[in-house]
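Following: one structure in structure tokens, then a few remarks.
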Amino acid sequence: MKPGQQGVIMISFLLLVTVLTIGVGAFYAFASADFSASLRNEYLHQSFYMAEAGVDQGIVQLSKGILTQNISGTLNAVSYQGSYQVTCAPCTGASNETLTSTGTVTISGTNYSRTVRVVVKRSPAYTATAAVAISGVASTNGNVTVDGRDHDSNGNLTGAPGLPGIATSTNTFMQGGSSKVGGNGLAPANPASPGSYQLNAPALPSTPEGILGVPDGSLDAYKTSTPPATPFSNQIIYLTTSWNSVDFNGSSGVLICHNADGTAVLQNIHGNFKGLIITDDLIHINGDASLLGTVVGMKTGGVTLGNGSGQVNYSSQTMSNLPIARYTVSSWEDVRNDLL
Amino acid sequence: MSGMISYRVHLFLGGWLVCHLLAASVLFSAEAGSRDFDAKQQSLMNRTRAYELRLQDMHEMAGLDPDRTFALLVSIIKDPEDNLPIKYEAAHQLFELNSIRAKTLFQDLLETREADPVARRIALEGLFDGKSGPWPEKFGKILADPGEDPAIRQYLLGRYARDSQDPSKLNRLREFASSKSETPGFRMNALFWLEDLQDNDFVNEQTHKILNDPKENVELRKNATLIAGRMAQKEKAKDSS
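Listed in order, the protein sequences are those of chains A and B. At position 14 of the first sequence (counting the first as 1) the number is -3 in my numbering, and the numbers step up by one without a gap. So the number in my numbering is just where the residue sits in the second sequence, counting from 1, plus 622.
Structure representation (structure tokens):
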């Protein structure tokens, strides 16, 4: 090699090192940016899950009739924690409610947020199958009248055929005394028209929670062993003991009378009630008693309606206005505020 | 002369034209009526359509073409998928359209055990709606048949107890109430009707038999207790007066 050519090699080597350094640096810069983007994406996913949790919380509260316009909460997930803020509008228990939920996770002092907006549609918590749905043998006595035709919330017939008056999971309906049963557009009669009641109806769930389609334990907050003062208005009452000499006195809402043994009884009933009654057994609907809505008798041994001259009338309008309802998502929007 | 001929020709042509126009308008209105009927038919047979709208179509179709409407209503009653209230309305409408044909149809349905049970129940009630004569013998056979649809038997039992002038009515009801080969529901319903007919001695005796037999059906015993309570109240009221 000639002495004058040694510099060329040196320069070539330095150029190569420079190019390699720039390349590796660019690669590291790219990898670092990608890593940051991945982390940011993960945090946004986490905040999205927080927002979804907020929506779920909003739906749960609406279903229980808790009408709170602003709901907030924190969640500790396995590897991260965050919070949600939900606004509910109009939050009146309307047929359509809008929940706007923002989930946030805070990492090293930086907030990552995502907002979702859902419209939820209200429907009755319990899909009534009859004015009186009974697990066991159905018996009517005295002058009790059961009418499955549809009534409005004032007790007037709407003209719609409605439902069967009585649905029993057995093949036996004992119609005694001067009791009358109507439904499916047919006026109450004795003997009841075979079309006005249903034998061999599908079996009812074995718990009130099952009947209302809510998870076990979700109604525990309403449980009480003391009969409520009447009148109560649009409330959920879960009585775990029998209630004798019931005077509804114009009460409304959801009344559950059930215990683990299935022996809780509503007995000697007077006064007016609007809403849903779920009870193990129901005995003696007396003369001035008027139940508007739906009654569910869970006792598998059989439920005897009557001996009095009260009445049970089905009302879809009353069922739609219960303090407990089912909300299902009818539209969902990811606001994607991270892209703004 | 030629003017006279020309006048007659014009008169003839005018008459010819008017006749054709009249015939065309009759045909057109008949076709329009048929199109209207077809549209209503589609609407009536649509099970998902609102009950009130289907009912309205049913009444309008009956006015447009009773014969075709009759056939459609029969298919509604026999359709196991269709809903009950519209079937009852269809049965009612059948009687209004042609009571003799409706009665024959209902009798056929009731006598066909394999037919849709709901259609048979509607047919039974349809026959009672149009019944003006004595208690038909065939109803008695159905009543005595334990293999029959329980809802049909229960309804017949009630109508028999309430409306029949049969001199052996009480005895038959007593047989039903005391026969252990009958279902508890049927026995109880027979006993309820005997209570209603104030056959007090038999009802007292039968309720005590049921209550004293621990092997009897629980629901039967429960309702027998209620009857016994009512009977005791009646006795008490009688004594006090």
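For every residue, glycine included, the Cβ atom is placed at its ideal position computed from N, Cα and C.
Which listed residue (the options) has its alpha carbon closest to that of residue i
| i | options | result |
| --- | --- | --- |
| GLN52 (chain A) | A:GLN68, A:GLN158, A:LEU305, A:VAL61 | A:GLN68 |
| TYR180 (chain A) | A:ASP135, A:PRO210, A:VAL129, A:ASP199 | A:VAL129 |
| ASN839 (chain B) | B:ASP861, B:SER863, B:PHE634, B:LYS802 | B:LYS802 |
| THR190 (chain A) | A:SER118, A:ILE5, A:ILE49 | A:SER118 |
| THR277 (chain A) | A:ILE260, A:ASN126, A:GLY56 | A:ILE260 |
| MET351 (chain A) | A:PHE18, A:LEU238, A:THR85, A:GLY254 | An answer regarding residue 351 (chain A) cannot be provided, because it is not within the stretch -16 to 323 covered by chain A. |
| SER225 (chain A) | A:LEU140, A:ASP263, A:ASN173 | A:ASP263 |
| CYS240 (chain A) | A:VAL279, A:GLU80, A:HIS253 | A:VAL279 |
| LYS104 (chain A) | A:GLY258, A:SER78, A:VAL120 | A:SER78 |
Start-to-end residues for the beta strand (DSSP E) that takes in residue i
| i | result |
| --- | --- |
| THR277 (chain A) | 273 to 280 |
| ASP788 (chain B) | Looking at the DSSP string, ASP788 (chain B) is not in any beta strand (DSSP E), and its letter there is neither H nor E. |
| VAL88 (chain A) | 79 to 90 |
| ILE54 (chain A) | 53 to 59 |
| THR847 (chain B) | It is not in any beta strand (DSSP E) - THR847 (chain B) instead sits in the alpha helix (DSSP H) that spans 840 to 862. |
Residue environment, residue i, which counts as buried when at least 16 other CB atoms sit within 10 Å
| i | result |
| --- | --- |
| ILE42 (chain A) | buried |
| ASP835 (chain B) | exposed |
| TYR11 (chain A) | exposed |
| LEU323 (chain A) | The predicted model places LEU323 (chain A) with a pLDDT of 45, which falls under 50 and marks its position as unreliable; any figure quoted below should be read in that light. With fewer than 16 Cβ atoms within 10 Å of its Cβ, LEU323 (chain A) is classed as exposed. |
| GLU797 (chain B) | exposed |
| ASN845 (chain B) | buried |
| VAL127 (chain A) | buried |
| TYR777 (chain B) | buried |
| ILE252 (chain A) | buried |
| TYR710 (chain B) | buried |
| GLU827 (chain B) | exposed |
| ALA34 (chain A) | buried |
| TYR95 (chain A) | buried |
| GLU841 (chain B) | buried |
| TRP638 (chain B) | exposed |
| THR209 (chain A) | exposed |
| PHE156 (chain A) | buried |
| ILE849 (chain B) | buried |
| MET281 (chain A) | buried |
Residues bridged to residue i [DSSP beta-bridge criterion]
| i | result |
| --- | --- |
| ILE260 (chain A) | A:LEU238, A:VAL278 |
| ALA150 (chain A) | A:ALA116, A:GLN181 |
| MET157 (chain A) | A:SER122 |
| TYR297 (chain A) | A:GLY276 |
| PRO107 (chain A) | A:ALA308 |
| GLU316 (chain A) | A:ARG100 |
| ALA72 (chain A) | A:THR81 |
| TYR221 (chain A) | A:LYS206, A:ILE239 |
| ALA172 (chain A) | A:VAL164 |
| THR287 (chain A) | A:SER122 |
| ASP130 (chain A) | A:GLY165, A:ASN296 |
| LEU45 (chain A) | Per DSSP, none; premise fails for LEU45 (chain A). |
| LEU249 (chain A) | A:TRP226, A:LEU265 |
| GLY65 (chain A) | A:LEU58 |
| LEU140 (chain A) | A:HIS134 |
Terminal residues of the alpha helix (DSSP H) in which residue i lies
| i | result |
| --- | --- |
| HIS830 (chain B) | 822 to 834 |
| ASN811 (chain B) | 806 to 818 |
| PRO739 (chain B) | 739 to 751 |
| SER697 (chain B) | 688 to 700 |
| THR726 (chain B) | 721 to 733 |
| ILE764 (chain B) | 759 to 765 |
| LEU195 (chain A) | 191 to 195 |
Under 8 angstroms by beta carbon: chain B residues contacting residue i
| i | result |
| --- | --- |
| THR283 (chain A) | Correct list: empty, because the minimum Cβ distance to chain B is about 11 angstroms. |
| GLY293 (chain A) | Within chain B, no residue comes near GLY293 (chain A); the closest Cβ sits about 15 angstroms away, beyond 8 angstroms. |
| GLY160 (chain A) | PHE814, GLU817, ASP818, ARG852 |
| THR128 (chain A) | Per Cβ cutoff of 8 angstroms: no residues; THR128 (chain A) is ~16 angstroms from chain B at best. |
Under 9 angstroms by beta carbon: chain B residues contacting residue i
| i | result |
| --- | --- |
| SER78 (chain A) | Near SER78 (chain A) there are no residues of chain B at all, since even the closest Cβ is about 19 angstroms away, more than 9 angstroms. |
Partner residues on chain D for residue i, Cβ-Cβ distance less than 8 angstroms
| i | result |
| --- | --- |
| ALA143 (chain A) | Judged by its chain identifiers, the structure shown contains no chain D, and its protein chains are A and B. |
Contacts of residue i in chain A (Cβ-Cβ under 9 angstroms)
| i | result |
| --- | --- |
| LEU848 (chain B) | SER122, ASN124, GLY125, GLY159, GLY160, THR287, GLY289, ASN290 |
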